[in-house]
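First residue of the sequence shown: 23, per my numbering; consecutive thereafter.
A virtual CB, placed ideally from N, CA and C, is assigned to each residue, including glycine.
In this text, all values refer to a predicted model and were calculated from it rather than measured experimentally.
Below is one structure, written out as structure tokens; the observations come after it.
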Amino acid sequence: MKPLIFLFSIIALTSQLSFAQSGTANRATTQPTSRTAATNRQQELYDQYHGISKKPASSAPTTTTPSAASRSETTPAPVTTQAPVADAPMKAMTRETMKRPERIALDGTSSGFRIGARGGVTYPFYTETIPGIEARVGFTGGIVLNFGKGAISFQPEVNYTRYTQQITDLFAQSATIATDFIEVPLFLKFSTGTYAGSRFFVNLGPYGSYLSSASVDGKKGDISNRSDRFGFGGALGIGAALKAGPGHVTVEVRGLYPLGDTNGGFNTDSKTVLGQGALGYIFPL
Numbered sequence: 023m024k025p026l027i028f029l030f031s032i033i034a035l036t037s038q039l040s041f042a043q044s045g046t047a048n049r050a051t052t053q054p055t056s057r058t059a060a061t062n063r064q065q066e067l068y069d070q071y072h073g074i075s076k077k078p079a080s081s082a083p084t085t086t087t088p089s090a091a092s093r094s095e096t097t098p099a100p101v102t103t104q105a106p107v108a109d110a111p112m113k114a115m116t117r118e119t120m121k122r123p124e125r126i127a128l129d130g131t132s133s134g135f136r137i138g139a140r141g142g143v144t145y146p147f148y149t150e151t152i153p154g155i156e157a158r159v160g161f162t163g164g165i166v167l168n169f170g171k172g173a174i175s176f177q178p179e180v181n182y183t184r185y186t187q188q189i190t191d192l193f194a195q196s197a198t199i200a201t202d203f204i205e206v207p208l209f210l211k212f213s214t215g216t217y218a219g220s221r222f223f224v225n226l227g228p229y230g231s232y233l234s235s236a237s238v239d240g241k242k243g244d245i246s247n248r249s250d251r252f253g254f255g256g257a258l259g260i261g262a263a264l265k266a267g268p269g270h271v272t273v274e275v276r277g278l279y280p281l282g283d284t285n286g287g288f289n290t291d292s293k294t295v296l297g298q299g300a301l302g303y304i305f306p307l
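Dropping the structure here:
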């Protein structure tokens with residue numbers, strides 16, 4: 023009998039110990055939960071009192087992609103430095119894609135119009151000796167125009183020219199006679215090579231002249247009544263054009279052969295060749 027009472031006593035004590043342990047575990051698990059609930063309740067009351075509304079958090083986290091407008095407002099656009107765009111097409115045009123005629127035009131070698139100036143000295147040559155007349159040095163200068171691109175071009179000029187002679191009469195008295203002309207040659211110009219380098223040329227064509235004044239020993243005379251003031255003839259020049267900068271320095275010798283005037287008409291009996299030597303410079307426009 024006593025063993026049974028002792029066995030029941032052990033079973034009852036074991037049941038009380040397990041119940042006590044389970045109660046302690048339940049209190050340990052429920053106490054944080056109730057404390058968390060109380061804390062959340064206080065937060066809700068505080069939010070309601072201050073007018074703060076919160077959306078309930080969803081169980082699954084969602085990711086949203088910001089729109090382009092929000093990105094532009096929140097994230098500053100990256101600053102990039104880029105070379106000027108205008109330079110690149112110009113370089114490509116002038117170095118690679120430009121055609122040959124356009125590339126030549128940049129340095130003036132394909133220009134169809136040129137302008138320049140010339141100046142030098144004059145000296146009349148006589149085909150036979152004329153007693154009492156000796157040639158003296160004069161001067162010339164004027165404007166040169168040139169039209170054309172190739173080996174043949176058209177070159178008109180307007181020059182102011184003085185020819186000088188010394189005349190000695192039978193009494194051994196001498197005087198210096200100077201005649202001033204406005205000369206307008208109309209040349210066909212035949213050239214070698216190209217405008218990119220130096221060239222040789224020949225000028226050939228007619229010319230017209232107008233006697234503007236005449237003087238004896240520096241004293242001008244009255245020529246208003248002279249009927250031979252307009253003259254004409256043929257001219258031939260040989261020279262070289264030396265490349266210098268955008269244009270050419272020209273060196274030329276030419277001769278003008280009178281063929282008549284408004285008084286005597288056309289004739290080929292002139293005994294004089296009007297020589298000229300001039301330097302000039304001509305450049306493209």
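Beta-carbon contacts of residue i that lie in its chain and below 8 angstroms, excluding the five residues immediately before and after
i      : result
Gly243 : Ala236, Ser237
Ile245 : Leu233, Ser235, Ala236, Arg251
Ala108 : At Ala108, the pLDDT of 48 sits below 50, so the modelled position is not reliable and the matter cannot be decided from this model.
Burial state of residue i, where buried means 16 or more other Cβ atoms lie within 10 Å
i      : result
Phe288 : exposed
Glu95  : In this prediction, Glu95 scores a pLDDT of 49, lower than 50, which makes its location untrustworthy; no coordinate-derived value is stated.
Ala218 : exposed
Ala194 : exposed
Thr214 : exposed
Gln188 : exposed
Arg248 : exposed
Glu205 : buried
Ala173 : exposed
Ala263 : buried
Pro306 : buried
Pro268 : exposed
Gly253 : buried
Asp283 : buried
Glu179 : buried
Gly261 : buried
Beta carbon of residue i nearer than 8 angstroms to that of residue j
i      : j      : result
Asn181 : Thr198 : no
Arg276 : Gly259 : yes
Tyr229 : Pro207 : yes
Gly160 : Thr144 : yes
Thr216 : Thr131 : yes
Ala139 : Tyr303 : yes
Thr183 : Phe203 : yes
Gly227 : Ala257 : yes
DSSP beta-bridge partners of residue i
i      : result
Thr294 : Tyr148
Ile245 : Ile245 is not bridged to any residue.
Arg221 : Ala263
Thr228 : Checking the displayed sequence, the identity of residue 228 turns out to be Pro instead of Thr. Partner(s): Gly256.
Asp69  : Asp69 pairs with nothing; no bridge assigned.
Pro306 : Arg136
Ser213 : Phe223
Asp283 : Gly253, Gly287
Ser235 : Asp202
Cutoff 6 angstroms; reference residue i; Cβ partners in own chain excluding five residues on either side
i      : result
Lys211 : Ser175, Gln177, Phe223, Asn225
Thr149 : Lys293
Thr201 : Tyr185, Ala236
Ser220 : Leu264, Lys265
Glu156 : Gln188
Phe147 : Val295, Gly297
Asp239 : Ala197, Thr198
Ser231 : Phe203, Glu205, Gly253
Glu118 : The predicted position of Glu118 is uncertain, since its pLDDT is 48 and thus under 50; a value taken from the coordinates is nonetheless stated next. No residues qualify anywhere along the chain.
7 angstroms Cβ shell around residue i - same chain, five flanking residues per side excluded
i      : result
Asp291 : none
Phe169 : Gly134, Phe135, Ser175, Phe176
Gly154 : Ile189, Thr190, Asp191
Gly299 : Gly142, Val143, Val275
Lys171 : Ser132, Gly134
Check: residue i C-beta below 7 angstroms from any heavy atom of the ligand NAP
i      : result
Ile199 : What this structure holds is no ligand at all, so the ligand NAP is not there to describe.
**Study point:** beta strand (DSSP E) runs wholly inside the segment 121–195, at least 3 long, in chain order
**Key:** DSSP runs (the beta strand (DSSP E)) wholly in the segment 121–195: 135–148, 155–169, 174–190.
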